[in-house]
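According to the numbering used here, the stretch in the sequence shown is residues 198 to 438, in order.
Think of the CB as a built atom: it goes at the ideal place given N, C-alpha and C, for glycine as much as any other residue.
All figures in this text were calculated on a predicted structure; none of them were measured in a lab.
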Amino acid sequence: MLKLQNLMVSVSGKKIIKDFNFEFERGKAYAIMGPNGSGKSTLAFAIMGHPAYEVRSQTSDARSPIVFNNHDISEMKPNERAKEGIFLSFQTPLALSGVKVYQLLQLALQGKKDPLQIRKEAQQYAKELGINDDLLVRPLNEGASGGERKKMEVLQAAILDKKLMIFDEVDTGVDVDALKSIAKFLIKHKKDKTYIIITHYNRILHYLKPDHVLIMMDGKIVKVGDRTLAKKVEDEGYKSI
Ligand SMILES: Nc1ncnc2c1ncn2[C@@H]1O[C@H](COP(=O)(O)OP(=O)(O)O)[C@@H](O)[C@H]1O
Ligand SMILES: [Mg+2]
198 MLKLQNLMVS VSGKKIIKDF NFEFERGKAY AIMGPNGSGK STLAFAIMGH PAYEVRSQTS
258 DARSPIVFNN HDISEMKPNE RAKEGIFLSF QTPLALSGVK VYQLLQLALQ GKKDPLQIRK
318 EAQQYAKELG INDDLLVRPL NEGASGGERK KMEVLQAAIL DKKLMIFDEV DTGVDVDALK
378 SIAKFLIKHK KDKTYIIITH YNRILHYLKP DHVLIMMDGK IVKVGDRTLA KKVEDEGYKS
438 I
C-alpha cells in the first residue's frame, strides 16, 4: 500500500534519509527501531508531507519516491495525504491553545462524521484509553502530561480512522498501565489498517506483535526481521546488528 522507492529526504540541506526502499502492505503492522538520530521521525514526516522535509528520488529514473495506494503522493500537501488515508501521531504532540479536540477533529473530518458522532466516539474511546473526560473539553493538550498527550494522539487516530497510521514513539514517557491500554486499544481498532510503530522498546511490541521489524541506521534500513529482532535489539543493543 505504501511504496518507498529510492527515497531521499533532506532537512535544512542535510541529507538524512538515503536511498530508502521498502513496501508496507495493507493490514500489516510494522515496527521501526533505530538509534537516536537515525532518521525515524524524518521518515514519518516525509511520508506525511511536512514542508520542511525535502523529498527526492535517489535515482534519476522516473520512479516517484512515495507511492500510496498506487498514487504518487510525493508532491502532495499534508492535508491531501491525510485525505488519501494517512495519519501521523507525533513524537512530541503539541498543545493548541484555544482549540478543542472536537473542533480539530470536525475540521479534519470535513463533514465525514457529524459533530454528535465525533463526540460520542471521543467519549467512548476516552473511556477505553483511560483518558479523563476533562481532557476532551479543554483546549487540546493544554496542561496535559506527556502520557496524556500520547493517549490523545491515539484517540484522534481512531476517530480519523485512516488506512495507514504511523505512531512515532507513542510509548515514550508513558507509564506501564497507560502503555497497556494504548496497546490494547490499537489492537482492538486495527482491523485492516496498516500500522507503522516507531519505538525504542520491545515492550509495546510484546503486546502489538508486529509482522515485521525494521532496523534503521543512518537513514537506511539495515535489517528486516520478525519480532525476535526487537528482543535482540533490546537485549544486545544495535551493535549486534
Ligand atoms: N529540522 C531539522 N533541521 C536540521 N536537522 C534536523 C532537523 N530535523 C531532524 N534533523 C536531524 O536529522 C537527523 C535525524 O533526526 P530524526 O529523524 O529526528 O531521528 P530519530 O527520530 O531517528 O531519532 C538528526 O541528526 C537530526 O538532528
Ligand atoms: Mg524521532
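Discussion item. Here's a check: name, in chain order, each residue in its chain whose Cβ is nearer than 6 Å to the Cβ of E318, leaving out the five neighbours to either side.
Written reply: I356
Worksheet item: Hey, would you say G327 sits closer than 8 Å to S378, going by beta carbons?
Response: yes
Worksheet item: What is the chain-ordered set of residues for which the beta carbon lies under 6 Å from any non-hydrogen atom of ligand 1?
Response: V208, S209, K211, I213, G231, N233, G234, S235, G236, K237, S238, T239 and A249
Practice prompt. Please list, in chain order, all residues of the same chain as F242 whose beta carbon is under 7 Å from its beta carbon, the five residues on each side excluded.
Written response: Y250
Worksheet item: Rounded to a whole number of angstroms, what is the C-alpha to C-alpha distance between V208 and H247?
Response: 10 Å
Discussion item. Here's the rule I'm using: 16 or more other beta-carbon atoms within 10 Å means buried, otherwise exposed. How should D365 be labelled?
Written reply: buried
Discussion item. Pop quiz: L411 and I229 are said to be a contact at Cβ under 8 Å. What is the actual Cβ separation, rounded to whole angstroms?
Written reply: 5 Å
Discussion item. Quick check: does the Cβ of E366 come within less than 7 Å of any heavy atom belonging to ligand 2?
Written reply: yes
Discussion item. Any contact between the stretch 215 to 230 and the stretch 413 to 428? By contact I mean 3 or more CB pairs, one from each, below 8 Å.
Written reply: yes
Worksheet item: Do three or more CB pairs link the stretch 383 to 391 to the stretch 420 to 436 at distances below 8 Å?
Response: no
Discussion item. Closer than 8 Å is the cut-off here; do at least three beta carbon pairs connect the stretch 303 to 313 with the stretch 367 to 382?
Written reply: no
Discussion item. By the three-class DSSP mapping on this structure, what secondary structure does L361 have?
Written reply: strand
Worksheet item: For N266, which residues of its own chain have a beta-carbon under 6 Å away from its beta-carbon, when the five flanking residues on both sides are left out?
Response: M198
Practice prompt. Check whether the Cβ of P307 lies closer than 7 Å to any heavy atom of ligand 2, and answer yes or no.
Written response: It is worth fixing the name first, because residue 307 is Gln in this sequence and not Pro. Q307: no, Cβ never under 7 Å from ligand 2.
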